[in-house]
Amino acid sequence: MACAAVALPLPPLSRYRPRQQLPCSFRGSALRRHLPVSSHQSSHLRAFFISESSRSRYPFLPDRPLFDCGKLSELLASATDSGSTAYSAKGLKFQEWDSLTAKFAGVANVPFLLLQLPQIILNSRNLLSGNTTALFAVPWLGMLTGLLGNLSLLSYFAKKRETEAVIVQTLGVLSTYVVIVQLAMAEAMPLPQFAVTSAVVASGLLINFLNYFGWLHQGVWTLWEDFITVGGLSVLPQVMWSTFVPFIPNSTLPGIISCAVALVAVVLARAGKLSEKGTKFVRSTSGWTATLLFMWMPVAQMWTNYLNPENIRGLSAFSMLLAMLGNGLLVPRALFIRDLMWFTGSSWGSFLHGWGNLLCMFIFNSIGRAFFLAATFGYFAWLGMTLWRDSVAYGYSSPMESLMELISGP
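Quick note on numbering: the working numbering labels position 355 of the sequence shown as 661, and the sequence is numbered without any gaps.
What follows is the structure in structure tokens.
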């Protein structure tokens with residue numbers, strides 16, 4: 307039935323106050339809260355006209371309708387449908403990339419495991435043949451440093467519930483500990499240090515396992531975080547100092563000083579004597595020191611290559627390729643979850659420890675041109691694909707937006 311023009315009794319303009327004003331934004335979600343606009347519910351909406359009596363009192367009012375709710379409902383329904391379609395498409399791409407990055411991080415276990423496996427096999431052969439002196443070529447202090455780094459990162463990712471990264475670091479702890487056991491069997495590592503290391507590894511794995519499943523008391527976890535913070539801050543400066551020992555005095559003073567500073571910082575943070583930013587900084591240092599430890603390893607290798615170029619031929623191109631693959635597979639996940647520390651460590655490891663050492667080997671004719679060019683093309687194509695897919699998943703127009711959000715935070 308046709309609807310005639312409805313006479314609206316209007317109050318004097320000076321006393322007119324609208325009961326509710328619709329927002330100016332034309333988003334479907336906002337308008338839907340105020341108007342029922344579905345095709346089945348819009349039959350009661352009609353165009354409102356100004357009657358003759360009202361026009362005689364207010365001659366400035368127009369002859370056309372104030373608004374046509376029927377057309378408004380059609381327009382709103384169209385905008386809502388198109389918006390929901392775009393949102394579902396974006397959500398699907400986001401979920402797909404989320405799943406893929408998690409799988410990439412899981413696959414990274416393979417190259418990392420293969421990276422340590424040749425050393426384990428070689429040590430086993432030397433032990434079985436009685437050639438224990440060959441194991442003295444493996445520095446137990448360097449293995450202990452890597453083990454501490456793995457434990458620190460394991461705690462970091464266990465706290466964040468990143469399952470794939472937890473598995474990667476757990477395998478790193480176990481494989482490194484196997485090498486340390488072999489060194490202890492060959493008496494290449496002192497027994498007291500081995501006993502302490504074993505206790506730290508066992509307790510660290512147990513604590514992280516319980517914390518990952520939410521079975522650990524918060525006080526115990528706090529003590530463990532303090533321990534790895536002090537340990538990481540003590541080891542990092544000492545390792546950096548030892549790298550340049552031929553040109554600087556051999557001293558343990560950097561480690562002692564940094565250990566004292568770390569202890570004071572942890573005590574002040576737990577006692578509430580630091581600001582909120584200071585406390586947050588102290589709590590984040592364990593993960594960053596572990597990352598910096600791993601980042602320093604390729605720097606030390608580059609320094610060794612510079613001092614002794616003839617030793618480059620002793621490097622394994624396959625090991626460098628595995629390092630590039632393992633760290634490179636972690637880059638997409640780190641970028642996707644906007645973890646700057648993880649992204650920095652994995653990018654640095656894949657670029658400098660992997661591709662950088664391959665570049666040195668190519669410059670000194672240790673590997674062929676075809677091998678190096680294939681590795682270079684694959685590596686940079688992977689990085690480009692990672693940036694592009696991440697920007698598509700988040701609906702950005704440029705990959706630079708993903709990097710800026712990673713640095714500045716969401």
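We put the beta carbon where it would ideally sit given N, CA and C, even for glycine.
{"Asked": "Selected residue, minimal CA-CA separation from Val-416, among Trp-403, Phe-442, Val-474 and Asn-432", "Found": "Val-474"}
{"Asked": "Rounded straight-line distance, which links the Cα of Phe-600 to that of Ser-548", "Found": "15 angstroms"}
{"Asked": "Proximity of Thr-451 and Thr-535 at Cβ, strictly below 7 angstroms", "Found": "no"}
{"Asked": "Cβ separation of Trp-530 and Ser-461, assumed to be a contact under 8 angstroms, to the nearest whole Å", "Found": "7 angstroms"}
{"Asked": "Exposed unless 16 or more other CB atoms sit within 10 angstroms - verdict on Ala-699", "Found": "buried"}
{"Asked": "Proximity of Ala-494 and Leu-441 at Cβ, strictly below 7 angstroms", "Found": "yes"}
{"Asked": "Simplified DSSP assignment, three categories, for Tyr-702", "Found": "coil"}
{"Asked": "Inter-residue CB distance, Met-546 and Trp-594 (contact presumed, cutoff 8 angstroms)", "Found": "About 14 angstroms separates the two Cβ atoms, so there is no contact after all."}
{"Asked": "Buried versus exposed, by CB contacts within 10 Å (16 or more), Ile-554", "Found": "exposed"}
{"Asked": "Rounded straight-line distance, which links the Cα of Gly-715 to that of Lys-583", "Found": "16 angstroms"}
{"Asked": "Rounded C-alpha distance that separates Ala-492 from Asp-532", "Found": "33 angstroms"}
{"Asked": "Local conformation of Glu-531 per DSSP, three classes", "Found": "helix"}
{"Asked": "Three-way DSSP call (helix, strand, coil) for Leu-420 in this model", "Found": "helix"}
{"Asked": "Same chain only: Cβ atoms within 8 angstroms of Ala-471, ignoring 5 sequence neighbours per side", "Found": "Ala-411, Leu-459, Phe-463, Leu-636, Arg-639 and Trp-648"}
{"Asked": "Beta-carbon gap between Ile-660 and Ala-629 smaller than 7 angstroms", "Found": "In the sequence as presented, Ile is not what sits at residue 660; that position holds Gly. Their beta carbons are under 7 angstroms apart, which means Gly-660 touches Ala-629 by this criterion."}
{"Asked": "Reduced DSSP secondary structure (H/G/I, E/B, other) of His-523", "Found": "coil"}
{"Asked": "Coil, strand or helix - Ile-643 by DSSP", "Found": "coil"}
{"Asked": "Buried versus exposed, by CB contacts within 10 Å (16 or more), Ala-596", "Found": "buried"}
{"Asked": "Cut-off 6 angstroms between Cβ atoms - residues of its own chain near Thr-391, not counting five sequence neighbours on either side", "Found": "For Thr-391, the predicted model reports a pLDDT of 48, less than 50, meaning its position is unreliable and no value from the coordinates is stated."}
{"Asked": "Burial state of Arg-726 (16 or more Cβ within 10 Å)", "Found": "The requested residue 726 is not part of the displayed model; the chain covers only 307 to 716."}
{"Asked": "Extent of the continuous alpha helix (DSSP H) to which Met-491 belongs", "Found": "469-491"}
{"Asked": "DSSP state of Asn-556 mapped onto helix, strand, coil", "Found": "coil"}
{"Asked": "Local Cβ density within 10 Å of Arg-695, reported as buried at 16 or more and exposed below that", "Found": "buried"}
{"Asked": "Boundaries (first-last residue) of the alpha helix (DSSP H) holding Thr-503", "Found": "497-518"}
{"Asked": "Thr-439, enclosing alpha helix (DSSP H) - first and last residue", "Found": "It is not in any alpha helix (DSSP H) - Thr-439 carries neither H nor E in the DSSP assignment."}
{"Asked": "Cβ neighbour criterion (16 or more within 10 Å) applied to Gly-651", "Found": "buried"}
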